[in-house]
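A quick write-up on the structure given underneath.
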Amino acid sequence: MIYRPYGTTGHEVSAIGFGGMRFRDQKDVEGCAALVKYAYDKGINYFDTAIGYGESEALFGVALKEMVKTRSERPFYISTKSMKANPEDIRRQCEASLSRLGLDSIDFYHVWCILDWAAYETRKLAGALKEFERLKEEGLVKNIVVSSHMTGADIGRLLEDDPFEGVLMGYSAMNFAYREAALATAERLKRGVVVMNPLGGGLIPEHPDKFGFLKTRPDQSVVQGALAFLLSDPRITISLVGFSDTDQVDEALGAVEGFTSLTSEQIAGIRSQLKENFNAMCTGCQYCDHCPQGIPVPKLMDAYNQYMLSDSTDALVNRLRWHWGMQPDSELLRSCVGCGLCERECTQKLPIIERIEALVGHADGFLAKHRK
Numbered sequence: 012m013i014y015r016p017y018g019t020t021g022h023e024v025s026a027i028g029f030g031g032m033r034f035r036d037q038k039d040v041e042g043c044a045a046l047v048k049y050a051y052d053k054g055i056n057y058f059d060t061a062i063g064y065g066e067s068e069a070l071f072g073v074a075l076k077e078m079v080k081t082r083s084e085r086p087f088y089i090s091t092k093s094m095k096a097n098p099e100d101i102r103r104q105c106e107a108s109l110s111r112l113g114l115d116s117i118d119f120y121h122v123w124c125i126l127d128w129a130a131y132e133t134r135k136l137a138g139a140l141k142e143f144e145r146l147k148e149e150g151l152v153k154n155i156v157v158s159s160h161m162t163g164a165d166i167g168r169l170l171e172d173d174p175f176e177g178v179l180m181g182y183s184a185m186n187f188a189y190r191e192a193a194l195a196t197a198e199r200l201k202r203g204v205v206v207m208n209p210l211g212g213g214l215i216p217e218h219p220d221k222f223g224f225l226k227t228r229p230d231q232s233v234v235q236g237a238l239a240f241l242l243s244d245p246r247i248t249i250s251l252v253g254f255s256d257t258d259q260v261d262e263a264l265g266a267v268e269g270f271t272s273l274t275s276e277q278i279a280g281i282r283s284q285l286k287e288n289f290n291a292m293c294t295g296c297q298y299c300d301h302c303p304q305g306i307p308v309p310k311l312m313d314a315y316n317q318y319m320l321s322d323s324t325d326a327l328v329n330r331l332r333w334h335w336g337m338q339p340d341s342e343l344l345r346s347c348v349g350c351g352l353c354e355r356e357c358t359q360k361l362p363i364i365e366r367i368e369a370l371v372g373h374a375d376g377f378l379a380k381h382r383k
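Residue numbers for the sequence shown follow the working numbering, so the first one is 12 and each next one is one higher.
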């Protein structure tokens, strides 16, 4: 296993982390706990969960009963989250998380799911950050971190605004351009960076032929190639993978075994292949992000990317809902007046208006289907 310092916290964390949102059957308590313990025994020491992941915290708690027995010799770190704004609600959630996990303190506690700057300011004004600080002063939380789906520049602004120890954000070979600015800021401020969805939300392993160029060795799987791409970036502390079984753990760890960082030429080649093979996909440069109607064009184009790869309306709608916080019945999706500003600004000259119209059509179809 590769271990890296998490910012300036003094913690050495595994470069591959365990994401606790993809347990195959949460009713199989012993099986889920055994999977967590298996990953720990294989060298993974960073475990991420949340109050919103079903019974995930409680399942981790079962595994931790065994893991704490060897914690002094083999340290591990637990990450969980709260998206509440009210201080009393935050405290209740923190205490509930501690109870489910069976721990006295949370190693990394996230100000969870900041979707836009206004939401961040709302939480600040409500006293959320001060409550996080009180929890830390009391020893219930060891490190305060933040989770965001904003653009790279806005995430960088978050890190500039508050002394968060680190950030959790979506990042993969598919969307690296969209959050490059966040990595640059985190590096400058010496903050930890945990990337979620390192496999493109599952799209990379689901389309191995399309992403075969990520493999730089003949014995690699496309999953290992995608993870090696991230492991080769020293600014990334942890790639957080959601595991469902031991085979997935082993495959991810295969990216670490005998790891040699990709050369600058290999990285440039992969980025070039991404541009060449997915030229019709939005690269997330954000030049189009000046819509007079307030439409978050880059977010819609990211969701449309999911459709292009999966040919699935559900994949498109789920990306909008769970990644960008936009419901399929949102009026914002339907507010395009066809002025063409976004298309004029697009460096790839993509048919953005046509894609927004198609996206709305898929959203309408989804709504009609689920109203029956």
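Ideal Cβ placement from N, Cα and C applies to all residues, glycine included.
Alpha carbon of residue i to alpha carbon of residue j, nearest angstrom
i      : j      : result
Gln304 : Cys350 : 10 Å
Ala96  : Glu354 : 37 Å
Glu268 : Ser255 : 21 Å
Ala192 : Ile27  : 22 Å
Met337 : Glu84  : 45 Å
Tyr6   : Thr324 : Residue 6 lies beyond the range of the chain shown here (12 to 383); nothing can be said about it.
Ser341 : His334 : 15 Å
Gly212 : Ala184 : 11 Å
Tyr57  : Ser25  : 6 Å
Ser90  : Trp123 : 11 Å
Leu136 : Leu352 : 35 Å
Phe29  : Val348 : 44 Å
Three-way DSSP call (helix, strand, coil) for residue i in this model
i      : result
Phe119 : strand
Phe377 : helix
Pro174 : coil
Ser159 : strand
Ser67  : helix
Lys153 : strand
Thr81  : helix
Thr19  : coil
Ser283 : helix
Val267 : coil
Cys105 : helix
Val252 : strand
Tyr59  : Before going further, note that residue 59 is Asp rather than Tyr in the sequence given. Correct three-state label for Asp59: strand.
Any non-hydrogen atom of the ligand COA within 7 Å of residue i CB
i      : result
Ala326 : The ligand COA is absent from the structure shown, which contains no ligands of any kind.
Reference residue i, options the options, closest by Cα
i      : options                        : result
Phe187 : Leu210, Leu370, Arg82          : Leu210
Val262 : Leu238, Gly31, Leu344, Leu200  : Checking the displayed sequence, the identity of residue 262 turns out to be Glu instead of Val. Nearest option by C-alpha distance: Leu238.
Val233 : Leu241, Phe240, Gly223, Leu242 : Gly223
Cys302 : Leu126, Ile364, Ser67          : Ile364
Leu361 : Asp322, Tyr298, Lys380         : Tyr298
Ser116 : Pro86, Glu99, Leu151           : Leu151
Gly372 : His381, Gln359, Leu344         : Leu344
Trp128 : Lys92, Ile166, Glu144, Asn154  : Ile166
Close beta carbons around residue i, own chain, < 7 Å, minus the five adjacent residues each side
i      : result
Ser346 : Gln304, Ile306
Val204 : Gly177, Val178, Leu194, Ala197, Arg246, Ile247, Thr248
Lys201 : Gly18, Thr19
Arg111 : Glu68, Ala69, Gly72
Gly113 : Gly72, Leu75, Lys76
Tyr49  : Thr257, Val260
Contact set for residue i: own chain, Cβ-Cβ below 8 Å, skip 5 residues either direction
i      : result
Asp300 : Thr162, Pro307, Val308, Pro309
Phe270 : Ile13, Ala239, Leu242
Thr133 : Ala96
Contacting residues, own chain, Cβ-Cβ under 6 Å from residue i (five flanking each side not counted)
i      : result
Pro339 : Val328, Ala374, Phe377, Leu378
Tyr315 : Arg366, Leu370
Met312 : Cys293
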